[in-house]
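Numbering (the working numbering), first residue to last: 2 to 90.
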Amino acid sequence: MSDEKKKKLYDFIEASKKDGFDAYNEKITDFIENLKLTLDEANDLLSALAGIEDMDDFYQQAHDDIYTAVDDYNTDYNGEDSLKELIAE
2 MSDEKKKKLY DFIEASKKDG FDAYNEKITD FIENLKLTLD EANDLLSALA GIEDMDDFYQ
62 QAHDDIYTAV DDYNTDYNGE DSLKELIAE
């Protein structure tokens, strides 16, 4: 995985904390989509996020969005609530 994309995500999460979780929650999905993660990069990021001890809600939300995107991509889920578009093909 690109360390640059991991750094961008972590920097975004830390910078967003000053605006509060609700504001962050409205922006995180679009931010992840703009990273244009490949499936491999998304899986690498999942591993990195899962390795964070005492993960706070901000990092947990990023993990959950990426996890859902990978799962939706792998199962070819196309429902209205699908996040598979977060994975670049």
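All C-beta atoms, glycine included, are put in the ideal place defined by N, C-alpha and C.
Only a predicted model underlies this, so the values are computations on that prediction, with no experimental measurement involved.
The alpha helix (DSSP H) with L84 in it runs from where to where?
Careful: L84 lies outside any alpha helix (DSSP H) and carries neither H nor E.
Return the residue from the list L84, N79, G80, K19 that minimises the CA-CA distance to A70.
L84
Are the region 28 to 39 and the region 9 to 20 touching, with three or more C-beta to C-beta distances below 8 Å?
-> yes
task: In angstroms with no decimal places, state the Cα-to-Cα distance between F13 and N79.
output: 28 Å
task = Closer than 6 Å by C-beta to E15: which residues in its own chain qualify, once you throw out the five before and the five after it? Chain order, please.
result = none
| Which residue from E81, E5, D82 puts its Cα closest to that of E42? | E5
Cut-off 8 Å between Cβ atoms - residues of its own chain near A89, not counting five sequence neighbours on either side = K37, L38, T39
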